[in-house]
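Presented below is the structure to which this report refers.
In the numbering used here, the protein residues as written are 3 to 204.
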């Protein structure tokens, strides 16, 4: 299966963006698809089909699936993974082009890291806002939405690369708006809580 430049860029973009939401799902699904022979993994992505990598990513995917649905704990998990998802998204996007095309690897890594940072920031602020509500259902619904979005965008990048790039462009714009709006909401909430605490001790 020979992938053209548009397909490679679409796959790299999808891997980067999806890593910001569910890194372990990205690694496991991509590796499993390669291991089963459903897709021919380009560049250095064939390493994801290694049984050891599949086992490790599968275990972490299992843990993350449940942790991500527990209010409060999900935000702690997301905060810790700020230092994991973004560089991993960059590495996965760069791996699409292998080690022989340095300029494309660098460009893909920059794109992947940026997309991972965007989706991670949107997820972090959205889930933090949802955690201000006492009911757990919105949190679980958002988590399930992320569970479905990752395999969908990965499939789209392989099956319809141009469509996936358009979808990702729209999603990135929406994510930036969501981050801006929710960050202002969280900042306002923190100021209100701080004001209430000061009033209480006085």
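Where a beta carbon is used, it is the ideal one built from N, C-alpha and C, also for glycine.
At the level of alpha carbons, what is the spacing between residue 28 and residue 127?
Here residue 28 refers to the residue found at position 26 of the chain shown. Here residue 127 refers to the residue found at position 125 of the chain shown. Their Cα atoms are separated by approximately 21 Å.
I need the straight-line Cα distance from residue 174 to residue 39, nearest angstrom please.
In the chain shown, residue 174 corresponds to position 172, counting from 1. In the chain shown, residue 39 corresponds to position 37, counting from 1. The alpha-carbon atoms of residue 174 and residue 39 are separated by roughly 31 Å.
What residue from 15, 156 and 62 has the CA that sits closest to residue 36's CA?
The count along the chain shown starts at 1 and reaches residue 36 at position 34. Answer by Cα proximity: 156.
Can you name the start and end residues of the alpha helix (DSSP H) that residue 45 belongs to?
Here the question's residue 45 lines up with position 43 in the chain shown. That residue, residue 45, is in no alpha helix (DSSP H); it is neither H nor E in DSSP.
Just to confirm my understanding: we take residue 159, look at its own chain, exclude 5 residues before and 5 after, and list those with CB closer than 6 Å. What are they?
Sequence index remark: in the chain shown, residue 159 carries index 157 (1-based). Correct list, in chain order: 12, 13, 16 and 166.
Where do the ends of the alpha helix (DSSP H) carrying residue 8 lie?
Numbered from its first residue, the chain shown carries residue 8 at position 6. Segment 7-37, the alpha helix (DSSP H) holding residue 8.
Does the beta-carbon of residue 194 have 16 or more other beta-carbons within 10 angstroms, so that it is buried, or is it exposed?
Here residue 194 is taken as the residue at index 192 of the chain shown, counted from 1. That one is exposed.
Would you mind working out which of 68, 22, 59 and 21 sits nearest residue 34, comparing C-alpha positions?
The residue you call residue 34 lines up with position 32 of the chain shown. The option with the nearest alpha carbon to residue 34 is 59.
Measure the alpha-carbon distance for residue 41 versus residue 183 and round it to whole angstroms.
Numbered from its first residue, the chain shown carries residue 41 at position 39. Numbered from its first residue, the chain shown carries residue 183 at position 181. Between residue 41 and residue 183, the C-alpha separation is close to 39 Å.
For residue 45, which option in 107, 92, 26 and 180 has the closest C-alpha, if you only look at C-alpha atoms?
Sequence index remark: in the chain shown, residue 45 carries index 43 (1-based). When only C-alpha atoms are compared, the closest one is 107.
I need the straight-line Cα distance from residue 161 to residue 113, nearest angstrom please.
Along the chain shown, one-based indexing puts residue 161 at 159. Along the chain shown, one-based indexing puts residue 113 at 111. Rounded to the nearest angstrom, the two C-alpha atoms are 21 Å apart.
With H, G and I counted as helix, E and B as strand and the rest as coil, what does DSSP make of residue 4?
In the chain shown, counting from the first residue as 1, residue 4 sits at position 2. Three-state DSSP puts residue 4 in coil, outside helix and strand.
Where do the N-terminal and C-terminal ends of the alpha helix (DSSP H) with residue 89 fall, by residue?
Start at 1 with the first residue of the chain shown, and residue 89 comes out as number 87. Here the alpha helix (DSSP H) through residue 89 covers 84-97.
With H, G and I counted as helix, E and B as strand and the rest as coil, what does DSSP make of residue 80?
For the purposes of this step, residue 80 is taken as residue 78 along the chain shown, with counting starting at 1. Note: residue 80 maps to helix in three-state DSSP.
Note down, in chain order, each residue of its chain lying with its Cβ closer than 6 Å to the Cβ of residue 73, except the 5 sequence neighbours on either side.
One-based indexing of the chain shown puts residue 73 at position 71. Excluding sequence neighbours, residue 73 sits near 133, 138 and 141.
Option in 23, 154, 43 and 89 with minimal Cα separation from residue 10:
Looking up residue 10 in the chain shown gives position 8. It is 43 whose Cα lies nearest to the Cα of residue 10.
Boundaries (first-last residue) of the alpha helix (DSSP H) holding residue 125:
Position 123 of the chain shown holds residue 125. 104-132 is the span of the alpha helix (DSSP H), which, as asked, contains residue 125.
Apply the 10 Å Cβ neighbour rule to residue 119 and answer buried if 16 or more other Cβ atoms are within range, or exposed otherwise.
For the purposes of this step, residue 119 is identified with residue 117 of the chain shown, where counting begins at 1. Buried is the call here.
Taking 6 Å as the limit between beta carbons, can you name the residues of its chain near residue 124, skipping five residues before and five after?
The sequence position of residue 124 within the chain shown is 122, counting from 1. 177, 180 and 181.
Beta carbon of residue 19 nearer than 8 Å to that of residue 117:
Translated into positions along the chain shown, residue 19 becomes position 17. Translated into positions along the chain shown, residue 117 becomes position 115. Contact: yes.
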